[in-house]
Amino acid sequence: MGSIALGIHGGCGVMPKQELSESDWAAARSDLALALRAGWRVLREDGRAVAAVEAAVVSMEESPYFNAGRGAALTTAGKASLDAAIMDGATLRAGAVSAVERCRNPVRLARALMDEGRTVMMTGPAADRFAETHGLEIVDPEFFIIERQRQALTAMKARRASGTAATASEAEKHGTVGAVALDSAGHLAAATSTGGFTDKPVGRVGDSPIIGAGTYARDGACAVSGTGAGEYFIRHVVGHELASRMAYLKEDLGTAATKIIMVDLSAHGIGAGLVAIDYAGRVVAPYNTMGMYRGWVTTAGEAYVATHETVFPAELH
Ligand code: ASP
């Protein structure tokens with residue numbers, strides 16, 4: 311059996327260090343470690359990469375620290391409207407959902423859609439109905455809403471009214487969660503889940519559920535999950551671009567990912583980051599913001615988590 315490795319992110323919308331207490335940062339890191347453990351457990355038992363990324367993303371959807379599932383950013387109408395996707399690099403099968411309002415774990419819904427195999431994407435009430443008929447947990451839409459996001463929406467509306475929305479910090483605006491994995495059979499997978507950005511228009515769909523943009527996996531190349539202003543990830547088709555640079559230009563993962571984040575996307579003046587893994591289990595997590603929630607487990611079984619520059623070792627057991 312071959313090497314296994316895992317990478318996760320909890321979005322590049324990280325607050326400045328001084329805005330949260332050290333215990334809050336420690337709690338966020340501990341939720342990242344929890345997600346790493348959830349994914350790692352699957353891989354260690356020779357589970358599939360798709361199952362590992364699903365488990366890691368479910369864990370972060372459940373955490374209020376990240377903009378996905380409970381704790382998601384709210385639309386201009388004050389609701390959580392959730393996007394998610396999952397992709398299996400071995401088969402190129404994928405599932406993606408958008409504008410989900412009632413399924414507790416949108417990434418599970420994306421997985422169910424992928425497993426059923428009839429369609430790649432489903433949206434809105436039909437996606438929630440699909441979740442219901444496939445036995446996934448359904449919750450009241452209020453379940454997703456937390457006080458911090460209510461306040462963020464009020465603040466963003468005030469900024470828009472006063473014409474200062476453009477100066478909002480990355481943390482005020484957005485976030486996302488994602489995971490990438492290499493399993494012991496040599497297969498890659500990626501998954502992403504998000505609430506999008508604060509005060510997003512009703513019906514807006516971001517990059518996370520767009521296969522090839524915010525989420526992509528292809529065996530022999532890489533698996534990738536993005537975070538940042540989704541419109542630009544869609545326009546640059548970031549996930550597919552990364553795999554293509556590796557395949558056609560023979561760039562290594564780090565070179566290709568750095569070029570896309572630090573050159574292509576940074577040129578638009580937007581916040582952007584990603585986590586990606588290559589066929590050999592190397593993980594990279596570049597970002598151009600002041601921080602990005604992230605974590606990874608190396609092929610040597612060493613685990614790390616970070617929110618800003620400093621990287622902390624994490625416990626896997
Ligand atoms: N990419 C997400 C979206 O545009 C947001 C984010 O990651 O910050 O929906």
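Be aware that the sequence shown starts at 311, since it is given in my numbering, and climbs by one per residue.
Positions of the beta carbon are idealized from the N, C-alpha and C atoms, including for glycine.
Roughly how many angstroms separate the alpha carbons of residue i and residue j, rounded to a whole number?
{"i": "E612", "j": "A345", "result": "15 Å"}
{"i": "D425", "j": "I448", "result": "19 Å"}
{"i": "A624", "j": "G473", "result": "42 Å"}
{"i": "Y589", "j": "G381", "result": "33 Å"}
{"i": "T620", "j": "V410", "result": "35 Å"}
{"i": "Y558", "j": "K569", "result": "15 Å"}
{"i": "A387", "j": "P511", "result": "8 Å"}
{"i": "R528", "j": "G405", "result": "14 Å"}
{"i": "M600", "j": "G530", "result": "32 Å"}
{"i": "V430", "j": "R403", "result": "8 Å"}
{"i": "V594", "j": "L563", "result": "7 Å"}
{"i": "G321", "j": "D438", "result": "24 Å"}
{"i": "T433", "j": "S408", "result": "5 Å"}
{"i": "T443", "j": "M572", "result": "43 Å"}
{"i": "F543", "j": "Q459", "result": "24 Å"}
{"i": "A338", "j": "M325", "result": "12 Å"}
{"i": "V368", "j": "C413", "result": "12 Å"}
{"i": "T608", "j": "L316", "result": "7 Å"}
{"i": "M397", "j": "A348", "result": "18 Å"}
{"i": "L552", "j": "D341", "result": "28 Å"}
{"i": "A365", "j": "D574", "result": "31 Å"}
{"i": "V515", "j": "H546", "result": "16 Å"}
{"i": "L498", "j": "F376", "result": "24 Å"}
{"i": "E329", "j": "A478", "result": "14 Å"}
{"i": "S313", "j": "E332", "result": "35 Å"}
{"i": "D356", "j": "T401", "result": "18 Å"}
{"i": "F622", "j": "D334", "result": "15 Å"}
{"i": "A475", "j": "A343", "result": "33 Å"}
{"i": "E480", "j": "G522", "result": "24 Å"}
{"i": "S494", "j": "G399", "result": "13 Å"}
{"i": "A441", "j": "L423", "result": "9 Å"}
{"i": "A359", "j": "L392", "result": "23 Å"}
{"i": "G506", "j": "H550", "result": "20 Å"}
{"i": "A362", "j": "R428", "result": "23 Å"}
Using CA coordinates, which residue listed in the options is at the minimum distance from residue i?
{"i": "L492", "options": "G591, F453 and T429", "result": "G591"}
{"i": "C532", "options": "G538, I520, A566 and G427", "result": "A566"}
{"i": "V548", "options": "V368, S535 and K560", "result": "S535"}
{"i": "T525", "options": "P511, G540, V512 and G513", "result": "G540"}
{"i": "A395", "options": "M572, P374, T464 and A501", "result": "A501"}
{"i": "A582", "options": "F622, T537, K560 and G564", "result": "T537"}
{"i": "N415", "options": "A523, A390 and R555", "result": "A390"}
{"i": "A616", "options": "Y597, A577, T609 and A610", "result": "Y597"}
{"i": "E586", "options": "G579, L353 and R604", "result": "Residue 586 is actually Ala in this sequence, not Glu. A586 has its Cα closest to that of R604, out of G579, L353 and R604."}
{"i": "L384", "options": "A478, V490, Y614 and M466", "result": "M466"}
{"i": "D450", "options": "G379, G399, S503 and R421", "result": "G379"}
{"i": "M602", "options": "I318, S313, I314 and M556", "result": "I318"}
{"i": "G445", "options": "I456, E452 and R418", "result": "R418"}
{"i": "A489", "options": "M370, E480 and D517", "result": "M370"}
{"i": "A420", "options": "I520, H578 and Q461", "result": "I520"}
{"i": "Q299", "options": "A436, A476, S494 and D509", "result": "Shown here, the chain extends from 311 to 627; a query on residue 299 therefore has no answer."}
{"i": "T504", "options": "H550, F454 and R469", "result": "F454"}
{"i": "P435", "options": "G513, D517 and A362", "result": "G513"}
Under a three-way DSSP split, which group does residue i fall into?
{"i": "V417", "result": "helix"}
{"i": "P623", "result": "strand"}
{"i": "G488", "result": "strand"}
{"i": "A348", "result": "helix"}
{"i": "I521", "result": "strand"}
{"i": "I587", "result": "strand"}
{"i": "S503", "result": "strand"}
{"i": "D438", "result": "helix"}
{"i": "M600", "result": "coil"}
{"i": "K389", "result": "coil"}
{"i": "T617", "result": "coil"}
{"i": "T474", "result": "coil"}
{"i": "M370", "result": "helix"}
{"i": "A409", "result": "strand"}
{"i": "M424", "result": "helix"}
{"i": "R469", "result": "helix"}
{"i": "L353", "result": "helix"}
{"i": "R514", "result": "coil"}
{"i": "V324", "result": "coil"}
{"i": "A362", "result": "helix"}
{"i": "T433", "result": "strand"}
{"i": "R460", "result": "helix"}
{"i": "D398", "result": "strand"}
{"i": "R528", "result": "strand"}
{"i": "A383", "result": "coil"}
{"i": "A404", "result": "strand"}
Check whether chain D comes within 7 Å of residue i, counting only Cβ atoms and requiring the distance to be less than that.
{"i": "I520", "result": "Chain labels in this structure do not include chain D; a single protein chain is all it has."}
Between residue i and the ligand ZN, is the CB less than 6 Å from at least one heavy atom?
{"i": "T504", "result": "This structure does not include the ligand ZN; its bound ligands are the ligand ASP."}
Subject >> Residue ranges of each alpha helix (DSSP H) within the stretch 530–577, 4 or longer >> reply: If we require 4 residues or more, the alpha helix (DSSP H) runs fully inside the stretch 530–577 come out as 540–545, 548–559 and 563–568.
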